[in-house]
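Here the sequence shown stands for residues 52 to 422, numbered as in our numbering.
The C-beta atom is built at its ideal place from N, Cα and C for all residues, glycine as well.
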Amino acid sequence: MPDLGMRLQLLIGPTVPTPAPASVVEALVDVEVTHKDRQRDGFKLTFTLGRQGMAQDFGLLQSGLLDPPNRVSIVIVIRALPQVLINGIIMRHQVVPSNTPGQSRIQVFGDDSSVQLDLEERSVIYRNMSDSSIVEKILGQYHDLVPMVMPTSETPSDKDRVVTQQVTDLAFVQELARRNDFVFYTEPTITPGRSNAYWGPKDPPGRLPQPPLTMNMGSETNVEQLTFDFNALEPVTPQANIVEPFTGRTVSIPVPSFLSPLSGQPAAPLRTTILRDTAGMDLIQASLRVLAAASQSADAVTGNGELDAMRYGRALRSRQQVDVRGAGHAHDGAYYVQQVTHRLKRGEYKQSFTLTREGRGATSSFVRQWV
Numbered sequence: 052m053p054d055l056g057m058r059l060q061l062l063i064g065p066t067v068p069t070p071a072p073a074s075v076v077e078a079l080v081d082v083e084v085t086h087k088d089r090q091r092d093g094f095k096l097t098f099t100l101g102r103q104g105m106a107q108d109f110g111l112l113q114s115g116l117l118d119p120p121n122r123v124s125i126v127i128v129i130r131a132l133p134q135v136l137i138n139g140i141i142m143r144h145q146v147v148p149s150n151t152p153g154q155s156r157i158q159v160f161g162d163d164s165s166v167q168l169d170l171e172e173r174s175v176i177y178r179n180m181s182d183s184s185i186v187e188k189i190l191g192q193y194h195d196l197v198p199m200v201m202p203t204s205e206t207p208s209d210k211d212r213v214v215t216q217q218v219t220d221l222a223f224v225q226e227l228a229r230r231n232d233f234v235f236y237t238e239p240t241i242t243p244g245r246s247n248a249y250w251g252p253k254d255p256p257g258r259l260p261q262p263p264l265t266m267n268m269g270s271e272t273n274v275e276q277l278t279f280d281f282n283a284l285e286p287v288t289p290q291a292n293i294v295e296p297f298t299g300r301t302v303s304i305p306v307p308s309f310l311s312p313l314s315g316q317p318a319a320p321l322r323t324t325i326l327r328d329t330a331g332m333d334l335i336q337a338s339l340r341v342l343a344a345a346s347q348s349a350d351a352v353t354g355n356g357e358l359d360a361m362r363y364g365r366a367l368r369s370r371q372q373v374d375v376r377g378a379g380h381a382h383d384g385a386y387y388v389q390q391v392t393h394r395l396k397r398g399e400y401k402q403s404f405t406l407t408r409e410g411r412g413a414t415s416s417f418v419r420q421w422v
């Protein structure tokens, strides 16, 4: 990459990623990293392939560096600030030979480090443990993950129920997250190869604001294109009932209101859905189930756009909030970053993104201060 105030660092290795050899870096054509709020993050690396040696085989294939399940860390340095885009594991590669000299390619695909939790199904019984204690125990088995587990209060006794796992660690941790209206994901720390494993509410407290996405403000502008879509059919009102175990009486579960809406005018739900799996739950479990159903379908407004990464000055992070300014009163204000795709090639770094919130209009006329 030319010196535009930005550098790319590629680390790769069988157990601990280390700086890639110069021959590998020189063969790198482009990089794509995608962060999604409800799915695993992923990456794609594209390299040129050249034949070497008497066997006329491709040297990169012979090296074994690009073989699964090698570890990969992708780091960008913008204005001397290093940021790890992803710590991942190679899952597959695709070779594309060409009749034209110098045009053969290999594409390497991988997922973030949470994929290692999804490789082995287990049968485990957890007695007298809260959901958060179970998650801490599971995550503690993975040396490259730093558990960040938010506590849950309910600790069932053997008389109430016994918690059993019959799936992979990832599937079970995600199941426990859903029933608490939590999320689970991994995101890189400042140290390549090490990732935080977060299990907790969708919007964790204490996060610093990201720099705003800016349009129509001269030299402050960092967004190249941005479109907004308002879909009134997205929000729904979930209905749920439980059966009181002692009286057999049916009890309706109220829909909780959102404590911190991002928009000044949240869209009113037009649709109603019925949750048909809550009858045997207790009040707390059913309330969490209703809250999860309402929050997952609340976003009526979606924004899609593309950033000039050098003007923005850093990597936009998904699963966090960001302010938009210069897009008009109806669409300025805070949004949740649902997805970010980073695309890097020689001389260019673009970030495309998807934003969501419940409606139109900002809740404040001020942009939050960022670091």
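With a threshold of 16 other beta carbon atoms within 10 Å, E171 falls short and is exposed. For Q167, no beta strand (DSSP E) segment is defined, and its DSSP state is neither H nor E.
Within 10 angstroms of the beta-carbon of F417 lie fewer than 16 other beta-carbons, which makes it exposed. In this structure, V128 keeps its C-beta atom at 9 angstroms or more from the C-beta atom of L61. Pairing D359 with R300, the inter-Cα distance amounts to about 59 angstroms. Residue pairing from DSSP places G384 in a beta bridge opposite V375. Rounded to whole angstroms, I241 and S124 show a C-alpha spacing of 11 angstroms. Here the alpha carbon of V186 sits roughly 29 angstroms from the alpha carbon of R408.
Our two residues, R245 and Y387, have alpha carbons roughly 25 angstroms apart in a direct line.
Every alpha helix (DSSP H) of 4 residues or more that sits fully in the region 181-239 is shown, in chain order, as 182-190 and 220-230.
Judged by their CB atoms, L406 and G356 are nearer to each other than the 9 angstroms cut-off. Closest option to G110, judged by alpha-carbon separation, among A319, S155 and Q371: S155. When the beta-carbon positions are compared, Q158 and V147 come within less than 9 angstroms of each other. Look at the beta carbons and you see the region 363-370 touching the region 84-101: at least three pairs across the two are nearer than 8 angstroms. E205 and A337 have their alpha carbons spaced roughly 14 angstroms apart. The bridge partners DSSP lists for E172 are T219. With contacts defined by Cβ atoms closer than 9 angstroms, E238 and R370 form a contacting pair. Contact fails between the region 263-274 and the region 211-224, because fewer than three Cβ pairs, one in each stretch, are under 8 angstroms apart. By alpha-carbon distance to L59, the top candidate from L136, N273, H382 and A413 is L136. K253 is a Cβ neighbour of V234, given a cutoff of 9 angstroms.
Of V352, R230, A283 and V294, the smallest CA-CA separation from T323 is found for A283.
Restricting attention to S348, I293 and G315, the CA atom closest to the CA of L334 is found in I293. Apart from sequence neighbours up to five positions away, the residues of its chain that approach V67 with a beta-carbon distance below 8 angstroms are R122 and G244, ordered along the chain. Inside the region 261-336, DSSP marks whole beta strand (DSSP E) runs of 3 or more residues at positions 274-281, 287-290, 292-294, 301-303, 314-317 and 322-325, from first to last along the chain. For R230 against L339, the beta-carbon gap comes to about 6 angstroms, under 8 angstroms, which counts as contact. For Q389, same chain residues with a beta-carbon under 7 angstroms away, outside a window of 5 residues either side, are D88, S369, T405, L406 and T407 in chain order. Cβ-Cβ distances below 8 angstroms link I189 to L168, D220, F223 and V224 in the same chain, with the five nearest sequence neighbours on each side left out; the list follows chain order.
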